[in-house]
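A short worksheet on the structure shown next.
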Amino acid sequence: MSHYVNLEIRYSTYLNLCNAVEETATHAEDFNEIQELVHLVDFLEDEYERDRARQNLDFKTWQLHEELFQNKEIYHHQYFYPISEVLDDYEERKLLEMNISEQDKFHLICELIDVFKNDLE
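Just so we're on the same page, the numbering used here is the position in the sequence shown counted from 1, plus 35.
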């Protein structure tokens, strides 16, 4: 049975780790060993980017909560998270495509309507 552990490291430690793996790849003797080390570097980069995205999302969520608190507004998590997920998805699509079509804007509105409609049922 597998057991996963999240390790927190500083960015400088992450860079040193990547550099060490890359240096090891330059001294590798066969293709398979080089290929495994390259995959390890790719994996480290993917995990770092995934963790950074999660931290950014956590920070944005915290900022939104703080803004609501500062404005003395009531925080309704049953509305906040579904709407936040729809908007985050829309923001990801916006980043991938520089121009958002009118159709995408229409779909965003429909998704938000569905969130409220599901809540009323």
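Backbone N, C-alpha and C define an ideal beta-carbon position, used for all residues, glycine too.
A direct Cα-Cα distance of roughly 35 Å separates Glu80 from Ile144. In chain order, Leu72 place their CB closer than 8 Å to the CB of Thr59, counting only its own chain and leaving out the 5 sequence neighbours on each side. Fully contained in the segment 36-76 are the following alpha helix (DSSP H) runs of length 4 or more, in chain order: 46-61.
The distance from the Cβ of Val56 to that of Leu42 is about 16 Å, inconsistent with a contact at the 8 Å cut-off. For Asn153, the three-state secondary structure derived from DSSP is helix.
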